[in-house]
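See structure below.
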Amino acid sequence: MDRKLTLSLNAAVIDRAKQYARERETSLSRMIEQYLASLTEPEGRGAAPACTPLVERLVDLSGRVVRLALNDDAFSDFEDALQYYSALESGTEVIITRNQRDFVPAKLPVLSAAEYLISRG
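Residues in the sequence shown are numbered from 1 upward in steps of one, following the numbering used here.
Following this line, the structure appears as structure tokens:
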């Protein structure tokens, strides 16, 4: 961040946003910067990729899931964070992936396909 921005906002909104930021161990500046970047970055330059209708039917990509993913610094990859929070919101019991190390911060079991099949006997 290299510039300052002054905003006039409702005091209650600011208080709720500060609490939200504290709970997620981030700052209001970082949250606002990420939000503005998500609105203004051209497709293909760091913006979240558009989802196909099939993918939208398969997983929950609600605004809440996207916000949680954007504000979680534990995940180095935005798409992994989207998958994780979508899994949490949908009540998924396990994440199956080839790249288990990408989900180290996850609080759900993370298994390879082979491990999952073995666990099911």
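Think of the CB as a built atom: it goes at the ideal place given N, C-alpha and C, for glycine as much as any other residue.
Worksheet item: Rounded C-beta distance between Leu-82 and Val-65? I'm assuming under 8 Å.
Response: Counting from one through the sequence shown, the residue named residue 82 turns up at place 82. Counting from one through the sequence shown, the residue named residue 65 turns up at place 65. About 7 Å separates the CB atoms of Leu-82 and Val-65; that is less than 8 Å, so the two are in contact.
Discussion item. What would DSSP say about Val-65, mapped onto helix, strand or coil?
Written reply: Taking the first residue of the sequence shown as position 1, residue 65 is located at position 65. Here Val-65 sits in helix by DSSP.
Worksheet item: With distances taken from CA atoms, which of Glu-33, Arg-22 and Glu-25 is nearest Thr-6?
Response: For the purposes of this step, residue 6 is taken as residue 6 along the sequence shown, with counting starting at 1. Comparing Cα-Cα distances from Thr-6 to each of Glu-33, Arg-22 and Glu-25, the minimum goes to Glu-33.
Worksheet item: Going by beta carbon distance, what residues of the same chain come within less than 7 Å of Lys-107, once the five residues before and after it are set aside?
Response: In the sequence shown, residue 107 corresponds to position 107, counting from 1. Its chain contains no residue whose beta carbon lies nearer than 7 Å to that of Lys-107 once the 5 sequence neighbours on both sides are disregarded.
Worksheet item: Between which two residues does the alpha helix (DSSP H) harbouring Val-94 extend?
Response: Working through the sequence shown from its first residue, we reach residue 94 at position 94. Annotation: Val-94 is outside any alpha helix (DSSP H) and is labelled neither H nor E by DSSP.
Worksheet entry | Identified DSSP bridge partners for Val-110 | On the sequence shown, residue 110 is found 110 positions in, with the first residue counted as 1. Partner(s): Ile-95.
Practice prompt. Using the Cα positions of Val-110 and Ser-8, report the straight-line distance between them to the nearest angstrom.
Written response: By one-based count along the sequence shown, residue 110 stands at place 110. By one-based count along the sequence shown, residue 8 stands at place 8. About 44 Å.
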